[in-house]
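There are 2 protein chains.
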Amino acid sequence: MTIGVAEGTRAASVKVARRLLETEGPEALTMRRIAGELGIQAPSLYKHFSDKRGLEAAVIAEGLREFGHAMNKSLASKAEPVRALARAYRTFGLQHPHLYRLMNDRELPRDLLPPGLEDSVALPIVMTFGDRSLARVAWALAHGLVSLELAGRFPADADLNGVWDEAVRVLQVARAG
Amino acid sequence: MTIGVAEGTRAASVKVARRLLETEGPEALTMRRIAGELGIQAPSLYKHFSDKRGLEAAVIAEGLREFGHAMNKSLASKAEPVRALARAYRTFGLQHPHLYRLMNDRELPRDLLPPGLEDSVALPIVMTFGDRSLARVAWALAHGLVSLELAGRFPADADLNGVWDEAVRVLQVARAG
DNA sequence: GTCTATAGTGGGATAGAC
DNA sequence: GTCTATCCCACTATAGAC
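As given, the protein sequences belong to chains A and B, one line each in that order. Those letters in the first sequence? Residues 1 to 177, by our numbering. Those letters in the second sequence? Residues 1001 to 1177, by our numbering.
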């Protein structure tokens, strides 16, 4: 009944779920495991989330907020914007591989996300590139690079820093042109 | 004992597995379902594949061969090479969404793939762009676009043909520069 | 190369008591 | 808002007979 106070079990569940996801991967994201870490039984979680999808959506929303924040923060730096965004994007993906995949590999649970969140995350890229199509090209390029890197698709001896440098160059030229 | 003859159950299993994957998605790719479609019991499959991973690898290998063939074929057309490759890449991804994801979303079972297959698939892109880093940028851009499109991440009203046109332009400029 | 039987493991979710 | 008990489902994989 108290207002403005921590939500208790619900918030703790999201925190635990995220930790399990990030440290052990998506297989660890089960109702039983999450409940176990909280010291409660799995059925109790259903008092706080309608189903597993609801819990996942809460984790995704938190990830999106953090990602958006990181992207915005990068634009506040003194670095050239395209390079700054690229660096922030790659850093987030590599530091949170499982979270990144949960957020990007399948359809978003849009019906369970706060309205406007998805758009607000895209804003830094859209603002930087102006043109919508070019912004989407930039987004896809960054996502493709992170996705392939996380999937181990580049040869072990590939110079990925060099590839990202090339990507930034290509986007800078397109943005200037 | 016969030589040069159809492999029978093994080949049929791969065919069925691929059909199930493509028509019903990855959840349908179970030993039980595959066996059921063949009219045999699941344990019988283990006479033909050491485990599920072996069966998946066979499906992936088939997909890689087909994809590589489509990319090579596109270069033989009269179209400008970057545009031709982009069109072939997108077409394959959209026509085989589940197969595409099985091939690209996680680490390849390299120990179970024919030697050289992975490299041969990459060859058309590498040849077209010459520079290794630029080739990887092009690959990542195409993969990112297909991946985001398959995940339903672009707005419903997004002009994806326009985005691909922009991507091709950007890569053409980089290749010429 | 197929079968039956089965081991072993794991999952999401509900009912109803407290 | 937690518990216990339970349902029902699914999966990979092995052993051993035929």
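Using N, Cα and C, we set each Cβ at its ideal position, and we do this for glycine too. Since this is a predicted model, take the numbers as computed values, not measurements.
(Q) Please report whether the beta-carbon of B/S1133 lies at a distance below 8 Å from any beta-carbon of chain A. (A) For B/S1133, the nearest beta carbon of chain A is closer than 8 Å to its own beta carbon.
Q) Are the beta-carbon atoms of B/A1061 and B/L1117 separated by less than 8 Å? A) B/A1061 is a Cβ neighbour of B/L1117, given a cutoff of 8 Å.
Q: Drop a sphere of 10 angstroms on the beta-carbon of B/M1103, count the other beta-carbons inside from all chains shown, and report buried for 16 or more, exposed for fewer.
A: Buried: at least 16 other Cβ atoms inside 10 Å.
**Q.** Closer than 7 Å at the beta carbon, the chain A residues around B/G1130
**A.** In chain order: nothing, as chain A lies at least about 12 Å away.
Q) Looking only at its own chain, which residues have a Cβ that is under 8 Å from the Cβ of B/H1098, when we skip the five neighbours before and after it? A) Taken in chain order, the residues that qualify are L1021, E1022, G1025 and P1026.
Q. Among the residues of its own chain, which have a CB less than 7 Å from the CB of B/G1054, if the five just before and after it don't count?
A. Contacts found: L1112.
**Q.** Minimum Cβ-Cβ distance from B/S1120 to chain A less than 8 Å
**A.** No, B/S1120 does not count as interfacial toward chain A.
Q.
Run through chain B and tell me which residues come within less than 8 Å of A/F154, C-beta to C-beta.
A. Within 8 Å Cβ-Cβ: R1136.
Q. Roughly how many angstroms lie between the CA atoms of A/K78 and A/A84, to the nearest whole one?
A. Taking the straight line joining both Cα atoms gives about 9 Å.
Q: Look at the alpha carbon of A/G63 and the alpha carbon of B/A1151, and state the distance between them as a whole number of angstroms.
A: Just so you know, the alpha carbons of A/G63 and B/A1151 end up roughly 17 Å apart.
Q. Between the Cα of A/K47 and the Cα atoms of A/A135, A/A142, A/Y89 and A/G8, which residue gives the shortest distance?
A. The option with the nearest alpha carbon to A/K47 is A/G8.
Q: Report the residues of the stretch 101-119 of chain A with a CB closer than 8 Å to any CB of chain B, ordered along the chain.
A: From the stretch 101-119 of chain A, only N104, D105, R106, E107 and L108 have a Cβ closer than 8 Å to chain B.
Q. Is A/V168 near A/A86, with beta carbons less than 8 Å apart?
A. Taking 8 Å as the cut-off, the beta carbon of A/V168 is found closer than this to the beta carbon of A/A86.
Q: Kindly list, in the order they appear in chain B, the residues whose Cβ is closer than 8 Å to that of A/V82.
A: Neighbours of A/V82 across chain B, judged by C-beta separation under 8 Å, do not exist; the nearest C-beta is about 12 Å away.
(Q) Taking a contact to mean a Cβ-Cβ separation below 8 Å, would you say A/E166 touches B/L1134 in this structure? (A) Going by C-beta atoms, A/E166 is nearer than 8 Å to B/L1134.
Q) What residue ranges within the stretch 92-149 of chain A form continuous alpha helix (DSSP H) runs of no fewer than 4 residues, ordered along the chain? A) Runs of the alpha helix (DSSP H) inside the stretch 92-149 of chain A: 97-104 and 117-129.
Q: Measure the C-alpha to C-alpha separation of A/R101 and B/Y1100 and round it to an integer number of angstroms.
A: Approximately 16 Å between the Cα atoms of the pair.
Q | alpha helix (DSSP H) segment containing B/R1018, residue limits | A | B/R1018: member of the alpha helix (DSSP H) spanning T1009 to E1024, first to last residue.
Q. Just how far apart, CA to CA, sit B/G1177 and B/A1142?
A. Cα-Cα distance, rounded: 20 Å.
Q.
Let me see if you follow: with CB-CB separation under 8 Å, is A/A151 close to chain B or not?
A. Yes, contact with chain B.
(Q) Quick check on the DSSP output: the alpha helix (DSSP H) that includes A/S74 runs from which residue to which? (A) Per DSSP, A/S74 belongs to the alpha helix (DSSP H) from K52 to L75.
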